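Undergrad:
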Amino acid sequence: MSATAVAATTTIPARMSCRRKDDAVRASGRIFIFVTTRSLHTTNDCGDQLRSTRQRGSAAAPQPDRPTARRRAPAFSHRTPHSTGMDLTFVWPAFLWALLSLPLLAAVYARLTRRASRYPGIFSTTTALVAAHRASRLRHLPPMLLAISLALLVVSAARPVLPLPVPANRSAIMLALDVSGSMRSTDISPSRLEAAKSSAKAFLRSLPASVRAGLVVFAGYTALLAPPGTEHARIEALIDGVSTARRTAIGDGLIEAVAALPGRVRPNADGTLPALPATPLPPGMVVLLSDGRSNAGIDPLLAADLAAQQQVTVYTVGVGARVTPDNAWTIGGTLDEETLQAMASRTGGTYYHASSARGLHDVYRKLARSLGWERRPTEVSAAVAGLAALLLAAALAVSWLRVHPLGT
């Protein structure tokens with residue numbers, strides 16, 4: 561039957577739904593597509609119904625105002641070819657184009673696998689046919705490992721670079737520990753001093769072995785127990801042996817710690833600094849812990865200003881519960897957080913507060929991570945190539961075991 565006859569004999573009721581109209585036309589053997597402007601806007605009954613429905617819905621429920629000239633955000637952002645949007649970058653990113661060949665290799669492998677299964681006698685020897693009966697569901701594992709290995713080799717050739725934590729190039733870090741009598745308070749279990757000792761030792765263990773660290777203790781006096789060095793275990797032993805004394809000289813403790821750093825000097829009696837050497841000063845940091853208010857020695861803020869003049873960054877840690885538990889007791893006055901915050905701010909450091917042993921440990925762990933380590937861009941091509949070699953060896957081993965099973 562001709563198309564004209566089909567069109568003439570096919571009748572579609574006017575009130576038939578859009579879906580039934582479409583089925584009726586398909587049943588006639590022809591589908592007529594009208595693409596003229598008139599058919600798109602005036603002759604399509606279904607479209608008129610849909611538009612009238614939308615118009616009625618718009619009239620019944622007016623839409624809220626929308627901002628005009630609003631540009632839709634693109635689905636994918638454009639980045640430079642040297643960056644993946646993460647911290648991973650490549651020195652030679654052009655090599656990554658070779659990854660496009662992997663899907664082609666996978667398609668060739670799939671086609672050969674289908675042909676080999678259809679004509680096994682053509683593509684296989686007798687030995688291979690016997691081994692094929694022993695194949696397990698993991699028969700595709702060696703090719704998968706090989707493909708991943710090839711992909712890793714391509715990535716390795718592109719010379720990937722990742723920011724990895726490496727020992728920081730710090731000259732020295734001094735620990736200044738308050739051993740005044742108030743450190744015996746038990747609002748932090750078992751006591752403020754014991755919690756400070758434990759956290760300070762954990763801090764030293766978290767530092768890289770190449771970072772030099774030292775120890776100063778202060779109460780009504782100051783004592784340099786260990787100059788900056790890499791013998792962290794010896795400093796831990798010294799920390800275990802400290803005991804409390806009367807009064808608190810926070811400023812004197814900071815002056816003593818700063819003077820122990822390489823290239824730094826003690827201030828004059830009038831609070832001024834002698835002439836500093838013209839050579840650049842090596843980096844230096846002080847981590848000062850206290851639980852009270854300074855009541856002896858030099859003004860802590862003046863000591864902080866002198867430290868800043870010698871390019872020393874001071875990190876202060878205030879220890880003590882702001883609300884004393886019922887089963888604990890405290891000695892001495894309250895914590896002078898305002899002064900500790902100002903000392904850190906004037907030297908470019910940070911103030912931390914710890915109201916529990918766990919909190920104090922977390923503070924020192926954070927300081928060890930930020931002061932002892934730094935993230936530095938490091939090329940990881942060798943590591944990626946090594947992983948590719950391991951996967952290639954695994955693929956060869958699995959292939960060998962499939963053909964020569966153990967015990968045969």
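According to this note's numbering, the stretch in the sequence shown is residues 561 to 968, in order. Glycine is no exception: its CB is placed at the ideal position from the N, C-alpha and C atoms. Quantities reported herein were computed from a predicted structural model and do not represent experimental measurements.
Run through DSSP, which three-state label would T839 get?
TA: The sequence position of residue 839 within the sequence shown is 279, counting from 1. Coil at T839, not helix or strand.
Undergrad: Taking all protein chains shown into account, do 16 or more other C-beta atoms lie within 10 angstroms of the C-beta of D896, making it buried, or fewer, making it exposed?
TA: Within the sequence shown, numbered from 1, the residue matching residue 896 stands at position 336. D896 comes out buried.
Undergrad: Under a Cβ-count criterion, where at least 16 other Cβ atoms within 10 Å of its own Cβ denotes burial, should L849 be classed as buried or exposed?
TA: As a working mapping, residue 849 is identified with position 289 in the sequence shown. L849 is buried by the Cβ-count criterion.
Undergrad: Identify the continuous alpha helix (DSSP H) that holds S745 and give its terminal residues.
TA: Within the sequence shown, the letter at position 185 stands for residue 745. Element bounds for S745: n/a, residue is neither H nor E.
Undergrad: Counting Cβ pairs, one atom from each stretch, are 3 or more of them under 8 Å apart for the region 944-951 and the region 701-710?
TA: Judged by Cβ distances under 8 Å, the region 944-951 makes contact with the region 701-710, as three or more pairs qualify.
Undergrad: Only counting runs of 3 or more residues, tell me where the beta strand (DSSP E) segments fall wholly within the region 901-967, in order along the chain.
TA: With a minimum length of 3 residues, the continuous beta strand (DSSP E) runs that stay inside the region 901-967 are 911-914, 933-939.
Undergrad: Assess, as a yes-or-no matter, whether the region 834-842 is touched by the region 753-760 under the definition of 3 or more beta carbon pairs within less than 8 Å.
TA: Short answer: they don't touch.
Undergrad: Quick one: is A928 buried, meaning 16 or more other Cβ sit within 10 Å of its Cβ, or exposed?
TA: As a working mapping, residue 928 is identified with position 368 in the sequence shown. Buried, because 16 or more other Cβ atoms sit within 10 Å of the Cβ of A928.
Undergrad: With a cut-off of 8 Å, do at least 3 Cβ pairs link the region 734-743 to the region 851-863?
TA: Segments in contact, yes.
Undergrad: Among all the DSSP beta bridges, which residues are the ones paired with T876?
TA: On the sequence shown, position 316 is the one that residue 876 refers to. The partner list for T876 (beta bridge, DSSP) reads L848, Y911.
Undergrad: Below 8 Å, how does it come out for the region 805-813 and the region 774-786: are there three or more Cβ pairs, yes or no?
TA: Judged by Cβ distances under 8 Å, the region 805-813 makes contact with the region 774-786, as three or more pairs qualify.
Undergrad: For F655, I'd like the list of residues in its chain whose CB is within less than 7 Å of its CB, leaving aside the five on either flank, ordered along the chain.
TA: Here residue 655 refers to the residue found at position 95 when the sequence shown is read from its first residue. So the qualifying residues of the chain are V714, A717, A718.
Undergrad: Decide if T907 is buried, meaning its Cβ has at least 16 other Cβ atoms within 10 Å, or exposed.
TA: Taking the sequence shown and counting its residues from 1, one reaches residue 907 at position 347. Its Cβ being crowded by 16 or more others within 10 Å, T907 is buried.
Undergrad: Straight-line CA distance for P843 to V668?
TA: For this step, residue 843 is matched to residue 283 along the sequence shown. For this step, residue 668 is matched to residue 108 along the sequence shown. If you take the alpha carbons of P843 and V668, they lie about 59 Å apart.
Undergrad: Whole-angstrom Cβ separation of A762 and L775, contact assumed at under 8 Å?
TA: Counting from one through the sequence shown, the residue named residue 762 turns up at place 202. Counting from one through the sequence shown, the residue named residue 775 turns up at place 215. No, A762 and L775 are not in contact; Cβ-Cβ is about 14 Å, not under 8 Å.
Undergrad: Going residue by residue through the region 695-723, where are the continuous alpha helix (DSSP H) segments of at least 4 residues, counting only ones entirely within it?
TA: Within the region 695-723, the complete alpha helix (DSSP H) runs of at least 4 residues are 701-717.
Undergrad: Using the beta-carbon count (16 or more within 10 Å), is R752 buried or exposed?
TA: Along the sequence shown, read from residue 1 onward, the residue named residue 752 stands at position 192. Buried.
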